[in-house]
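Trainee:
Protein chains: 2
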Amino acid sequence: MARIPVVQNILSANAALASDVRGRLDASGVFALNMMASPGAGKTSFITATIRALGDSLRVAYVDGDIETTIDAERIDALGVPVVQINTGGACHLDANMLSLALPQLPLDQVDLLIVENVGNLVCPAEFELGTHLNVLIASIPEGADKPYKYPTMYRGVDVLIVNKIDLLPYVPFDLGYFKRGVEVLSPGLTTFEVSCTTGDGIQAWVAWLKERVTHGSPR
Amino acid sequence: MARIPVVQNILSANAALASDVRGRLDASGVFALNMMASPGAGKTSFITATIRALGDSLRVAYVDGDIETTIDAERIDALGVPVVQINTGGACHLDANMLSLALPQLPLDQVDLLIVENVGNLVCPAEFELGTHLNVLIASIPEGADKPYKYPTMYRGVDVLIVNKIDLLPYVPFDLGYFKRGVEVLSPGLTTFEVSCTTGDGIQAWVAWLKERVTHGSPR
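Chain order of the listed sequences is R and W.
Reminder that position 71 of the first sequence reads as 71 in the numbering used here, one-by-one numbering, no gaps.
For the numbering used here, add 1000 to where a residue sits in the second sequence, where the first one is 1.
In structure tokens:
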């Protein structure tokens, strides 16, 4: 039987491009994050809080992936960091080629930390590595505690987990133990930060950890 | 220049299958809903509340689309309605072929209303019609008010909008006016219900409207 391995070819072409992106980032001394989440988990608010808490300690740049609009890019642009908008025109995830095309628009030699905000989606972005150093998943309390079980590919491929909107715990049914057991099965020992971008809880701990990673490298 | 219209061919093959599904549903007198939402917007809770509120007034069946797991299907199965689980095995949306394969597993002649729960995703399900009569989008307050602007394809293709978790309005920043203006641009006059599955607010109004549509037909 003849088989046409379209998906496999797409993914291996993407992996080659991701490797090229990584090389270019490393050559410029840029540490990069791929921020992924469901729509509305608070990616942009969390990135805003991160950039504010970093202050002058790291030079940050930002790439925003969205299907349409520049709403998120404008929010980050207001913080005064270099911003590149990628509009995927319907595509449900970023891929390494898109990031590769964005890099020349950034002053990489003056950047320590590149934050890439992926399209809001718990499924497709997990399949496409970008060449970044860490995959960061932002979960949020109102999404419900069953998400690790229902979106295992995403939870399996992640390096850091942010549990956002922790201030809403009193108002929604969310079994934190059930959530954490699901995460532990898929990503044993996963580094996790519980935060609220509304109250600021947990942001300093995350930023201290991030600065350590950026400064001393050692991506896994 | 040679162009390979892969996506267009996939969508027209899907449309032909959707038309076949619709014919089979209509022949059995089944009215069908395609429930779409971001992960964690509360699709399964809303479907549970709907089935409970319908009581004996309509005979309901349920098809659950998920990447993996049977968590949602088990929740609905506990209500005593016929349930079929579709596991897409990684695919980020249902398509008409999957629903076509599910229909023979259901006693369609004893069903008035078929509720299909799509994979949690605000992007890809919007592209694949299933042959159902109404596309229902469930938004939720914690997602934020900018979602119509950021996921316009989904908001454009929808017949009914449910704004869920309305009980969380006091606890999260959500500009309802901004949200509604975005919806109005994309889907003028869209039928909208504001509900809370926690408090029960709005469920009766939705169910009364739904019963009217199922009983008197008139899908647009």
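Glycine included, every Cβ here is placed at the ideal spot set by N, Cα and C.
No experiment lies behind these values; they were computed from the predicted model shown.
According to the neighbour-count rule (16 or more other Cβ atoms, all chains shown, within 10 Å of its Cβ), is G1042(W) buried or exposed?
Mentor: Flag for G1042(W) reads buried.
Trainee: Can you name, in chain order, every residue of its own chain whose Cβ lies under 8 Å from the Cβ of L1011(W), other than the five neighbours on each side?
Mentor: So the qualifying residues of the chain are E1127 and F1128.
Trainee: May I have the straight-line CA-CA distance separating L1103(W) from D159(R), to the nearest angstrom?
Mentor: Their backbone Cα atoms lie some 40 Å apart in a straight line.
Trainee: I need the DSSP call for N1009(W), collapsed to helix, strand or coil.
Mentor: Here N1009(W) sits in helix by DSSP.
Trainee: Closer than 8 Å, CB to CB, is G200(R) near chain W or not?
Mentor: Taking Cβ atoms only, chain W never reaches closer than 8 Å to G200(R), which makes this a no.
Trainee: Look up G55(R) in the DSSP assignment and say whether it is helix, strand or coil.
Mentor: Here G55(R) sits in coil by DSSP.
Trainee: Less than 8 Å between the CB atoms is what I'm expecting for G1040(W) and G1120(W), so what's the real figure, rounded?
Mentor: Rounded, the Cβ-Cβ distance is 7 Å, consistent with contact.
Trainee: Give every residue of the same chain whose Cβ lies closer than 7 Å to the Cβ of P1219(W), excluding the five residues on either side of it in the sequence, and list them in chain order.
Mentor: For P1219(W), the predicted model reports a pLDDT of 47, less than 50, meaning its position is unreliable; a value from the coordinates is still stated below. Only H1133 and L1134 meet the Cβ criterion.
Trainee: When the cut-off is 8 Å and only beta carbons count, does N1121(W) lie next to chain R?
Mentor: Interface residue, yes.
Trainee: Would G1131(W) and L1054(W) qualify as a contact pair, given that the criterion is a beta-carbon distance under 8 Å?
Mentor: Taking 8 Å as the Cβ cut-off, G1131(W) and L1054(W) do not qualify as a contacting pair.
Trainee: Does the beta carbon of L168(R) come closer than 8 Å to any beta carbon on chain B?
Mentor: Included in the structure are the protein chains R and W, with no chain B among them.
Trainee: Mind listing, in chain order, the continuous beta strand (DSSP E) runs of no fewer than 3 residues lying wholly within the region 141–178 of chain R?
Mentor: As far as the region 141–178 of chain R is concerned, its whole beta strand (DSSP E) runs of at least 3 residues are 160–164.
Trainee: Would D1146(W) count as contacting chain R if we go by Cβ distances under 8 Å?
Mentor: Yes, contact with chain R.
Trainee: When you compare each of L176(R), A15(R) and R75(R) to D44(R) by their alpha carbons, which one comes out closest?
Mentor: It is Thr, not Asp, that sits at residue 44(R) in the sequence shown. Nearest C-alpha to T44(R): R75(R).
Trainee: To the nearest angstrom, how far is the alpha carbon of V1111(W) from that of Y1062(W)?
Mentor: Near 10 Å, if we compare the C-alpha coordinates of Y1062(W) and V1111(W).
Trainee: Considering only the beta carbon of each residue, do S1196(W) and D1167(W) sit closer than 8 Å?
Mentor: The answer is yes: Cβ separation under 8 Å.
Trainee: Determine, for Q68(R), whether the minimum Cβ-Cβ distance to residues of chain W falls below 8 Å.
Mentor: Looking at the sequence provided, one finds Glu at residue 68(R) rather than Gln. E68(R) counts as touching chain W.
Trainee: Name the residues in the region 1102–1119 of chain W whose C-beta lies less than 9 Å from a C-beta of chain R; which are they?
Mentor: So the list reads V1119, given in the order they occur along the chain.
Trainee: I'd like to know if the region 178–185 of chain R and the region 1082–1098 of chain W are in contact, where contact means that at least 3 CB-CB pairs between them fall below 8 Å.
Mentor: The region 178–185 of chain R, when compared against the region 1082–1098 of chain W, does not touch it at the 8 Å Cβ threshold.
Trainee: For the region 54–124 of chain R, which segments carrying the alpha helix (DSSP H) assignment without a break, of at least 4 residues, lie completely within its bounds, in sequence order?
Mentor: Whole alpha helix (DSSP H) segments, 4+ residues: 71–77 and 96–102.
Trainee: Start and end of the beta strand (DSSP E) containing L1033(W)?
Mentor: Unbroken beta strand (DSSP E) run through L1033(W): F1031 to A1037.
Trainee: Is A41(R) helix, strand or coil by DSSP?
Mentor: Coil.
Trainee: Express the C-alpha separation of K150(R) and M1001(W) in angstroms, rounding to a whole number.
Mentor: Model confidence at M1001(W) stands at a pLDDT of 46, short of 50, so the residue's coordinates are unreliable; what they give is reported in the following sentence. One C-alpha to the other measures close to 43 Å.
Trainee: Got a sec, what are the start and stop residues for the beta strand (DSSP E) T192(R) sits in?
Mentor: From DSSP, the beta strand (DSSP E) with T192(R) extends over T191 to E194.
Trainee: Using a beta-carbon distance below 8 Å, is P142(R) in contact with chain W?
Mentor: For P142(R), the answer is yes, since a Cβ of chain W falls inside 8 Å of its Cβ.
Trainee: Would the beta-carbon of A1073(W) be found less than 7 Å away from any heavy atom of the ligand SAM?
Mentor: The ligand SAM is not part of this structure, which contains no ligands at all.
Trainee: Relative to the alpha-carbon of M1036(W), which residue among G1080(W), L1137(W), T1050(W) and E1068(W) has its alpha-carbon at the smallest distance?
Mentor: The residue with the shortest Cα to Cα distance from M1036(W) is L1137(W).
Trainee: So Y1151(W) contacts chain R; which residues on that side make the cut at Cβ distance below 7 Å?
Mentor: P39 and I67, listed in chain order.
Trainee: Of the residues L161(R), P173(R), W206(R) and T198(R), which one's Cα is nearest the Cα of G189(R)?
Mentor: Measuring from the Cα of G189(R), the nearest candidate turns out to be L161(R).
Trainee: State the Cα-Cα distance for the pair V172(R) and S140(R), rounded to the nearest angstrom.
Mentor: Answer to the nearest angstrom: the Cα atoms are 11 Å apart.
Trainee: Kindly list the residues whose CB is nearer than 7 Å to the CB of Q1105(W), restricted to its own chain and excluding five residues on each side of it in sequence; keep chain order.
Mentor: V1084, listed in sequence order.
Trainee: Between N163(R) and T192(R), how many whole angstroms is the CB-CB distance? I'm expecting something under 8 Å.
Mentor: As written in the sequence, residue 163(R) is Val, which differs from the Asn given in the question. 6 Å between Cβ atoms; contact.
Trainee: To the nearest angstrom, how far is the alpha carbon of T50(R) from that of R59(R)?
Mentor: In a straight line, the C-alpha of T50(R) is about 12 Å away from that of R59(R).
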